[in-house]
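Counting from 348, one number per residue, gives the positions in the sequence shown under our numbering.
Heads up, the beta-carbon is just placed ideally off N, CA and C, and yes, glycines get one too.
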Amino acid sequence: MKNQNNFYKSDILTVDQFDKKDLRAITDQAHKMKQLVKENILKNKIMTALFYEPSSRTFASFITAMQRLGGGIIPIQGVAYSSVSKGEILVDTIRTFASFSDIVVLRHPEVGSARLAAEFCDRPLINAGDGVGEHPTQALLDFFTISGHFFHHPDVALR
């Protein structure tokens, strides 16, 4: 990751991008964020949730998190009624929605689509699943939940 433990404006594309130190920083921040939910720390920030395939739980999770932290959303779930149905390619869609928002969350059926989209996105991009590829935020959430349950703090699991 960039600048050791500095994830500001960074993409999340794969679990392979994290080492133990990164996981410790992420889980420490997650603990802090649980306390900050009532403080609207993302007020005036906009997230585009661009979901090319169905995923009600993941979609709702991102939407809920952004709203609870005070941010706004551009919710695109399914692309049947978008410019994609007229032939717009992923790169153009990403560029357009990045210009409207501060962060883009992408779920797409093709492996590697998040990495491709990140190359053309001038905002941080989070991979919310790329087909049978990766779903790194789910892996991070699972790690946070399991380590908190069994070890009461993720640092114990990282030793």
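For this session: My understanding is that Ala461 touches Leu472, with C-beta atoms under 8 angstroms, so please give their C-beta distance in whole angstroms.
Result: Ala461 to Leu472, Cβ: 7 angstroms. Contact.
Problem set entry | Separation of Arg454 from Asp363, as counted between CA atoms | Asp363 and Arg454: Cα-Cα distance of roughly 18 angstroms.
Exercise. Exposed or buried, what is Phe365 when buried is set at 16 or more other beta-carbons lying within 10 Å of its beta-carbon?
Worked result: Answer is buried; the Cβ neighbour count reaches 16.
Exercise. So, Gly595 versus Glu400, is the Cβ gap smaller than 9 angstroms?
Worked result: Here the chain has residues from 348 to 506 only, and residue 595 is not among them.
Exercise. Excluding sequence positions up to five away, which residues of its chain have a Cβ less than 7 angstroms from the Cβ of Pro422?
Worked result: Hits under 7 angstroms: Ala396 and Ile410.
For this session: Mark Arg470 as exposed unless 16 or more other C-beta atoms lie within 10 angstroms of its C-beta, in which case mark it buried.
Result: When all chains shown are included, Arg470 counts as buried.
Exercise. What residues in its chain sit with their C-beta under 8 angstroms from that of Asn350, if we drop five residues either side in the sequence?
Worked result: Below a pLDDT of 50, predicted positions are generally treated as unreliable, and Asn350, at 43, falls in that range; no measurement from the model is reported.
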